[in-house]
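Engineer: Got a structure for you, written out below as structure tokens; questions coming shortly.
Next up, the structure:
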């Protein structure tokens, strides 16, 4: 059975802290790993990682994939209260020409002022 | 920025009734998806749709579910005879290629009484 596991499940930090969110996976037919941020409603896309060792960055957020050890991390530096959200890790698996996302349970990040 | 729109935002229905959830994917996208998220649980894949047919479906997507693209802009999920356990948030997503990030709508919260 395909499995995506995120840790920690929840995290409370203060503004300015740096956080690291973890995602490990055991899936067949891995294609890529995606990170989403979910506030009240729609998961919003952050990063898609396909190759090992190549860091993706967007402002204070960065992410990297290790396909040998089957995990990814999402780093957020100088956290702000607006970073408070559930961060979802999802893995693209393929079956023929179709793709579907398998999600982890998410990490609930709370940033206190 | 283009977005996926879903209507209604909240649907309350009696058990056994039929419901149709509607989605307008991003206009140049070709791949469409439905996911659901039961309260407190992971986001789960239901079905993917491309070229006017289902590409892939999960075990959850049984005979009571169907999808349709009735015109050039809408994508619908029908649940024929709702059960209490169908209560969940239903997300529509779309992508321009099968290996590109999926973009999600705000969801429809379905409550079955």
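Chains as they are written, first to last, in our numbering: chain A, 142 to 254; chain B, 306 to 418.
Beta carbons are placed, not taken as given, at the ideal position from N, Cα and C, and that holds for glycine.
Going by DSSP, what residue range makes up the beta strand (DSSP E) through residue 180 of chain A?
Structural biologist: Note, residue 180 of chain A: premise wrong, no beta strand (DSSP E); not H, not E.
Engineer: Going by DSSP, what residue range makes up the beta strand (DSSP E) through residue 193 of chain A?
Structural biologist: It is not in any beta strand (DSSP E) - residue 193 of chain A carries neither H nor E in the DSSP assignment.
Engineer: Would the beta-carbon of residue 374 of chain B fall within 8 Å of that of residue 396 of chain B?
Structural biologist: Not in contact: residue 374 of chain B and residue 396 of chain B (Cβ atoms no closer than 8 Å).
Engineer: Residue 171 of chain A touches chain B at which residues, Cβ-Cβ below 8 Å?
Structural biologist: Chain B residues near residue 171 of chain A: none, gap ~12 Å exceeds 8 Å.
Engineer: If the cut is a Cβ gap below 8 Å, which residues of chain B does residue 243 of chain A touch?
Structural biologist: By Cβ distance, chain B contributes 350.
Engineer: Relative to chain A, which residues along the segment 385-412 of chain B have a C-beta separation below 9 Å, given in chain order?
Structural biologist: Against chain A - using a Cβ distance shorter than 9 Å - the residues of the segment 385-412 of chain B are 394, 396, 398, 400, 403, 404, 405, 406, 407, 408, 409, 410, 411, 412.
Engineer: Does the segment 361-372 of chain B touch the segment 382-394 of chain B, meaning 3 or more C-beta pairs lie closer than 8 Å?
Structural biologist: In short, these stretches touch, since the Cβ pair count reaches three.
Engineer: List the residues of chain B that residue 182 of chain A touches, going by C-beta distances under 7 Å, in chain order.
Structural biologist: Within 7 Å Cβ-Cβ: 411, 412.
Engineer: Tell me whether residue 379 of chain B, by its Cβ, gets closer than 7 Å to a heavy atom of the ligand PLP.
Structural biologist: Within the structure as shown, the ligand PLP is missing, as the structure has no ligands at all.
Engineer: Spatial neighbours of residue 207 of chain A within its chain, please: CB distance less than 8 Å, with the 5 preceding and 5 following residues excluded, ordered by chain position.
Structural biologist: 193, 194, 213, listed in sequence order.
Engineer: Rank B/359, B/409, B/352, B/343 by C-alpha distance to the C-alpha of residue 393 of chain B and give the top, closest one.
Structural biologist: Residue 393 of chain B has its Cα closest to that of B/343, out of B/359, B/409, B/352, B/343.
Engineer: Measure the beta-carbon distance from residue 156 of chain A to residue 253 of chain A and round it to whole angstroms, keeping in mind my assumption that it falls under 8 Å.
Structural biologist: That pair is a contact at about 7 Å.
Engineer: Our contact map puts residue 271 of chain A next to residue 356 of chain B with C-beta atoms below 8 Å; I'd like the distance itself, whole angstroms only.
Structural biologist: It is not possible to answer for residue 271 of chain A, since the shown part of chain A is limited to 142 through 254.
Engineer: Taking beta-carbon pairs under 8 Å, can you tell me which members of the segment 350-365 of chain B lie near chain A?
Structural biologist: Under the 8 Å Cβ criterion, the segment 350-365 of chain B contributes 350, 353, 355, 360, 361, 363.
Engineer: Nearest chain B C-beta to residue 186 of chain A closer than 8 Å, yes or no?
Structural biologist: Closer than 8 Å: yes.
Engineer: Any C-beta of chain B sitting closer than 8 Å to the C-beta of residue 246 of chain A?
Structural biologist: So yes, residue 246 of chain A belongs to the interface.
Engineer: Quick one: which chain B residues come within Cβ less than 8 Å of residue 229 of chain A?
Structural biologist: Per Cβ cutoff of 8 Å: 348.
Engineer: Closer than 9 Å, Cβ to any Cβ of chain B: which residues of the segment 205-234 of chain A, in chain order?
Structural biologist: If the cut-off is 9 Å between Cβ atoms, the segment 205-234 of chain A has 229, 231, 233 near chain B.
Engineer: Name the DSSP beta bridge partners of residue 383 of chain B, please?
Structural biologist: DSSP output for residue 383 of chain B lists B/325, B/371 as bridge partner(s).
Engineer: Would you verify that the beta carbon of residue 175 of chain A is, or is not, closer than 8 Å to some beta carbon of chain B?
Structural biologist: At least one chain B Cβ lies under 8 Å of residue 175 of chain A.
Engineer: Cα separation between residue 224 of chain A and residue 250 of chain A?
Structural biologist: Their Cα atoms are separated by approximately 7 Å.
Engineer: Does DSSP put residue 222 of chain A in a helix, a strand or coil?
Structural biologist: Helix at residue 222 of chain A.
Engineer: What is the DSSP secondary structure of residue 207 of chain A, reduced to helix, strand or coil?
Structural biologist: DSSP places residue 207 of chain A in strand when its eight states are reduced to three.
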